[in-house]
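**Student:** Before I ask anything, let me first share the structure, which is written out below as structure tokens.
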Amino acid sequence: MGKRYFCDYCDRSFQDNLHNRKKHLNGVQHLRAKRAWYDSFRDAAAILQEEQTKKPCRKFLQTGQCDFGSNCRFSHMTEQDLEKLSAQVQGEQRLKELRQEGADIPPGTIEDWLEKRAKRLSTAQSN
40 MGKRYFCDYC
50 DRSFQDNLHN
60 RKKHLNGVQH
70 LRAKRAWYDS
80 FRDAAAILQE
90 EQTKKPCRKF
100 LQTGQCDFGS
110 NCRFSHMTEQ
120 DLEKLSAQVQ
130 GEQRLKELRQ
140 EGADIPPGTI
150 EDWLEKRAKR
160 LSTAQSN
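Note that the numbering used here has the sequence shown beginning at 40, numbered continuously upward.
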């Protein structure tokens, strides 16, 4: 039994020799899986910048699906999606600026917020 190579991107293993590894690493399936893996870690600003330069995909707008999927060179985002992404980017930028200024952002939890909301609602109903 020889050594086996396991590719984390493709979730596959094969006999590890120079020819097989080179063939796999240059294969279309591996390159797509690797790109999808790294794309999952991209920040919102990079996605927004890329999507704004693309034209809308006519096939996706008409039918709601595209044969090319994530490999399509046209944008599959609607205007609302782009607006949401833009708002998210602006929020991240504001948060980053606040952190750089040294402003302390209170570490609130959902439970604290819900308690304050419940108190506020109960006082509003009693008035």
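Note that beta-carbon positions come from the ideal geometry of N, C-alpha and C, so glycine has one too. What you are looking at is a predicted structure, and each value in this text was computed from that prediction instead of being measured.
Can G66 be considered in contact with the ligand GTP, in the sense that its beta carbon sits closer than 6 Å to one or more heavy atoms?
**Tutor:** No copy of the ligand GTP appears in this structure; indeed no ligand is present at all.
**Student:** Tell me where the alpha helix (DSSP H) around S165 begins and ends.
**Tutor:** It spans 149 to 165 - the alpha helix (DSSP H) in which S165 sits, taken as one unbroken run.
**Student:** Out of curiosity, what's the CA-to-CA distance linking N65 and G108?
**Tutor:** One C-alpha to the other measures close to 21 Å.
**Student:** Identify whether F99 lies in helix, strand or coil by the three-state DSSP scheme.
**Tutor:** DSSP places F99 in helix when its eight states are reduced to three.
**Student:** Using alpha carbons as the reference points, say which of K93, L87, Y48, K98 lies closest to Y77.
**Tutor:** Of the candidates K93, L87, Y48, K98, the one whose C-alpha sits nearest the C-alpha of Y77 is Y48.
**Student:** In the DSSP assignment, find the unbroken alpha helix (DSSP H) run with S125 in it and report its ends.
**Tutor:** Residues 118 to 140.
**Student:** Since I believe L87 is in contact with S114 (beta carbons under 8 Å), could you give me their beta-carbon distance rounded to a whole number of angstroms?
**Tutor:** Going by Cβ atoms, the distance from S114 to L87 rounds to 11 Å, so no, they are not a contact pair.
**Student:** Among the candidates C111, E150, R60, whose CA atom is the shortest distance from the CA of E90?
**Tutor:** Per the Cα distances, C111.
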